[in-house]
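Peer 1: First residue of the sequence shown: 1, per the UniProt record's numbering; consecutive thereafter. Mind having a look at this structure? Questions to follow.
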Amino acid sequence: MTAEGAAPEAADSSDAPQVETEATESVPADSPVEAEASSEEPAAEEAPAPARKKKEKNRGPLELIEEEEEAPAEVGEMDWYILKVQSNREKSICANLWRRVKMAGLESYFDQIMVPTEDIVEFKNGKKKITKRKLYPGYIVVHMAINDDTWFLVRETGGIGDFTGAAGRPTPMLSHEVERITKKAESEEAGEEPVKTNIRFKLGDHVRITEGTFENFEGDVEGIDETNGRVTVMINIFGRTTPVEMEHWQMEPV
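Encoded structure:
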């Protein structure tokens, strides 16, 4: 009886069910270990390249484009200004100023730099020659926008004295002055501007006629026709003052 009763106790104390229970409990479907592993995996997958670097990479070109688009708006309004320069160097000073403008990258602030001139006819050694005469000797004109950079560049260019204006402040040219210069330049380029004659006399000069019917008569210059090269002289004929029109080369100053 005792042996038979002990057999069930030995069977109850067997480790087999415990081993099976431990194996079953070590891999449950809702194990906290597996849940933690599954929750960590998405976090690892969501770690791409740093978002900040990607944002900075995309921002750079956009900023450059915005700067390029906004740059022309800063040029400002352009006006015509007169610059006092060294006499007989007007043309070379214009070329030097343009060169400095390009080197400084300020072309957008300058439109034209010019020496105002007009075509005239001269007679030398009996030959006719067309040359250019300066309208304003010792000055050049510039169409530009004034700011700190352009003002400093102009003032620091060799041969340039200063802008014309009161108290050192650049004063734009008047509209009729600008119109005279620009229209003359456009007409000369198109061949529409009549060529004037370089006449060495001015109104009121006393002259002596050297050729023609009234040779050796003296009188005062009353009128000058630069387009046709003729001069009107008031001379005394039979006690009366009479206007006589002559070629400018038929007289000499007294």
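Backbone N, C-alpha and C define an ideal beta-carbon position, used for all residues, glycine too. This one's a predicted model, so the numbers in the text were calculated from it and none came from an experiment.
1. Going by CA-CA distance only, name the one from 198, 98 and 164 that's closest to residue 128.
2. Give the straight-line distance between the Cα atoms of residue 96 and residue 139, rounded to the nearest whole angstrom.
3. Tell whether a beta-carbon distance below 8 Å holds between residue 246 and residue 254.
4. Skipping 5 residues on each side, what residues in its chain have a beta carbon closer than 6 Å to that of residue 35?
5. Please identify the residue among 90, 78, 104 and 244 whose C-alpha is closest to the C-alpha of residue 159.
6. Hey, residue 248 and residue 231: beta-carbon distance below 8 Å or not?
7. Along the chain, which unbroken stretches of the beta strand (DSSP E) at least 3 residues long are found entirely within the UniProt domain "NusG-like N-terminal" (77-185)?
8. Pop quiz: residue 145 and residue 78 are said to be a contact at Cβ under 8 Å. What is the actual Cβ separation, rounded to whole angstroms?
9. Taking a contact to mean a Cβ-Cβ separation below 8 Å, would you say residue 183 touches residue 227 in this structure?
10. Comparing C-alpha positions only, which one of 162, 149, 122 and 114 sits nearest to residue 108?
11. By how many angstroms is the C-alpha of residue 210 removed from the C-alpha of residue 85?
12. Along the beta strand (DSSP E) that carries residue 236, what are the first and last residues, could you check?
13. Would residue 174 be called buried (16 or more neighbouring beta carbons within 10 Å of its own) or exposed?
14. Does the beta-carbon of residue 93 have 16 or more other beta-carbons within 10 angstroms, so that it is buried, or is it exposed?
15. How is the beta strand (DSSP E) around residue 206 delimited, first residue to last?
16. Are residue 163 and residue 81 touching if we call contact CB-CB under 8 Å?
17. Using the beta-carbon count (16 or more within 10 Å), is residue 203 buried or exposed?
18. Using only the alpha-carbon positions, how far apart do residue 121 and residue 222 sit?
Peer 2: Walking through what the data contain:
1. By one-based count along the sequence shown, residue 128 stands at place 128. It is 198.
2. On the sequence shown, residue 96 is found 96 positions in, with the first residue counted as 1. On the sequence shown, residue 139 is found 139 positions in, with the first residue counted as 1. Taking the straight line joining both Cα atoms gives about 15 Å.
3. As a working note, residue 246 is residue 246 in the sequence shown. As a working note, residue 254 is residue 254 in the sequence shown. Contact flag unset, no.
4. In the sequence shown, residue 35 corresponds to position 35, counting from 1. Low local confidence applies: a pLDDT of 44 at residue 35 is under 50, so the model's placement there is unreliable, and no value is given.
5. One-based indexing of the sequence shown puts residue 159 at position 159. Closest option to residue 159, Cα to Cα, is 90.
6. Within the sequence shown, the letter at position 248 stands for residue 248. Within the sequence shown, the letter at position 231 stands for residue 231. Against a cut-off of 8 Å, the Cβ pair of residue 231 and residue 248 comes out as a contact.
7. 79-85, 110-114, 117-124, 127-134, 139-144 and 160-163
8. As a working note, residue 145 is residue 145 in the sequence shown. As a working note, residue 78 is residue 78 in the sequence shown. Residue 145 to residue 78, Cβ: 5 Å. Contact.
9. Locating residue 183 in the sequence shown gives position 183, where the first residue counts as 1. Locating residue 227 in the sequence shown gives position 227, where the first residue counts as 1. Going by C-beta atoms, residue 183 is not nearer than 8 Å to residue 227.
10. As a working note, residue 108 is residue 108 in the sequence shown. Here the closest residue by C-alpha is 149.
11. Locating residue 85 in the sequence shown gives position 85, counting from the first residue. Locating residue 210 in the sequence shown gives position 210, counting from the first residue. Their backbone Cα atoms lie some 40 Å apart in a straight line.
12. Along the sequence shown, read from residue 1 onward, the residue named residue 236 stands at position 236. That run of the beta strand (DSSP E) goes 230-237.
13. If you number the sequence shown from 1, residue 174 lands on position 174. That one is exposed.
14. Counting from 1 along the sequence shown, the entry for residue 93 is found at position 93. Classification for residue 93: buried.
15. Counted from its first residue, the sequence shown places residue 206 at position 206. Where residue 206 is concerned, the enclosing beta strand (DSSP E) stretches over 206-209.
16. Locating residue 163 in the sequence shown gives position 163, where the first residue counts as 1. Locating residue 81 in the sequence shown gives position 81, where the first residue counts as 1. Contact flag set, yes.
17. In the sequence shown, the residue the question calls residue 203 occupies position 203. Exposed.
18. Along the sequence shown, one-based indexing puts residue 121 at 121. Along the sequence shown, one-based indexing puts residue 222 at 222. Looking at the two C-alpha atoms, the distance is approximately 21 Å.
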